[in-house]
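In the numbering used here, the protein residues as written are 211 to 569. Think of the CB as a built atom: it goes at the ideal place given N, C-alpha and C, for glycine as much as any other residue. Being a predicted model, the structure only gives us computed values, none of them experimental. Only one structure is covered here, and it is reproduced in the block below.
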């Protein structure tokens, strides 16, 4: 009976691959649907992210017997207040620091080249492996500084396109907050029996996995960004808020992200003052120790049941396959796939036990 089940699974996989191959051959027919999907994908993704971030607030309000519409309205109001506050306080600081950084980009490049030449004169005293790593770091850092201005211009050129897409975000967020409990029942309504129960458990596990990762990782990233900004401000590091915001986004990538955020902070610190580089390294080390020993264990806990080695491997592999976006979505995607496989395996095992007992 098990062989029959696996044979049926194999046939289903082959048919699925054939359908995909056929769709690729007639992709012209599906191109309009692809355009619509890509247009909606970013707002839907951002709306889902905001939903998982704000869902605990809504749940807390409803514990005090607040109605669904009222709690949704309060969440929207809080989101607007936060956005307005950030816009009034942080955005002017970001604009000022960005303009200053763009104006100083040529000067920073010259200073970096001088620092590079100094390190090259000292490199012969270092072990061979350290020399190779130093060469790689310097090449990457030079590319970052040279591409700074063009990268900022590219981002500014895409702002209008992003703003148009973001118009849809409140629409998606509203219905996710208002009707989120109806999504899974609606999705499994065409099915019945054990298959319906399996799909219900699967979708609830996926929802729990995404919720645990997004809420935990966002909170961890915010705490780390605050720690880094406080440290940078105390030592007087230039562009502290830009570097802290960069760290905020990079820290969403587990393990690898904080070290990506460390690189530009260290480069700018060394250009400003070599001693400043030591302070930046010390602040980063302290922040990582606080994160690894206090924040992450208490915020994330063992909810995702992922070994650190697995996380690093998945993030690096995803980075090689899909670049930065791959690193960003690697862990939640892997956790969802893992939850799906575990549920499928449990479902097939239960079916096999049922068939064996009946026979």
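Practice task
Answer with buried or exposed for residue 257, where buried requires no fewer than 16 other C-beta atoms within 10 angstroms of its C-beta.
Solution key: Here residue 257 refers to the residue found at position 47 of the chain shown. It is buried - the Cβ of residue 257 has at least 16 other Cβ atoms within 10 Å.
Exercise for the section: Give a yes or no on contact between the segment 430-449 and the segment 489-500, applying the rule of three or more CB pairs nearer than 8 Å. Expected result: Contact check between the segment 430-449 and the segment 489-500: three or more CB pairs, one atom from each, fall below 8 Å, which counts as touching.
Practice task
Pick helix, strand or coil for residue 463, following the three-state DSSP scheme.
Solution key: As a position in the chain shown, residue 463 is number 253, starting the count at 1. Residue 463 falls in the coil class under three-state DSSP.
Problem - Beta-carbon proximity check, residue 419 vs residue 545, cutoff 8 Å - result: Residue mapping note: residue 419 aligns to position 209 of the chain shown, counting from 1. Residue mapping note: residue 545 aligns to position 335 of the chain shown, counting from 1. A contact, by the Cβ cut-off of 8 Å.
Handout entry: C-beta atoms of residue 525 and residue 549 nearer than 8 Å
Key = Locating residue 525 in the chain shown gives position 315, counting from the first residue. Locating residue 549 in the chain shown gives position 339, counting from the first residue. It is not a contact, given that the beta carbons lie outside the stated cut-off.
Practice task
Go ahead and label residue 292 buried or exposed: buried means 16 or more other beta carbons lie within 10 angstroms of its beta carbon, across all protein chains shown.
Solution key: Walking along the chain shown from the start, residue 292 turns up at place 82. With fewer than 16 Cβ atoms within 10 Å of its Cβ, residue 292 is classed as exposed.
Exercise for the section: Please name the residue in 308, 415, 463 and 424 whose C-alpha comes closest to that of residue 521. Expected result: The residue you call residue 521 lines up with position 311 of the chain shown. Taking only the C-alpha atoms, the option nearest residue 521 is 463.
Problem - Residue nearest to residue 413 in terms of C-alpha spacing, selected from 425, 390 and 302 - result: Taking the chain shown and counting its residues from 1, the one referred to as residue 413 is at position 203. If we check each option's Cα against that of residue 413, 390 comes out closest.
Practice task
Put residue 447 into one of helix, strand or coil per three-state DSSP.
Solution key: Counting from 1 along the chain shown, the entry for residue 447 is found at position 237. It is coil, neither helix nor strand.
Exercise for the section: Give me the Cβ distance between residue 415 and residue 553, rounded to the nearest whole Å; I'm assuming they're in contact under 8 Å. Expected result: Within the chain shown, the letter at position 205 stands for residue 415. Within the chain shown, the letter at position 343 stands for residue 553. About 6 Å separates the two Cβ atoms, so the contact holds.
Exercise for the section: For residue 378, name the three-state secondary structure that DSSP assigns. Expected result: The count along the chain shown starts at 1 and reaches residue 378 at position 168. The three-state secondary structure of residue 378, taken from DSSP, is coil.
Practice task
Identify whether residue 399 lies in helix, strand or coil by the three-state DSSP scheme.
Solution key: By 1-based counting over the chain shown, the position of residue 399 is 189. Residue 399 carries a coil assignment under DSSP once its states are collapsed to helix, strand and coil.
Problem - residue 383 burial status per 10 Å Cβ neighbour count (16 or more: buried) - result: Translated into the one-based positions of the chain shown, residue 383 becomes position 173. In the assembly as shown, residue 383 is a buried residue. Its beta-carbon has 16 or more other beta-carbons within 10 Å.
Exercise for the section: Can you say whether residue 431 is buried or exposed, counting buried as having 16 or more other CB atoms within 10 angstroms of its CB? Expected result: Here residue 431 refers to the residue found at position 221 when the chain shown is read from its first residue. Buried, since its Cβ has 16 or more Cβ neighbours within 10 Å.
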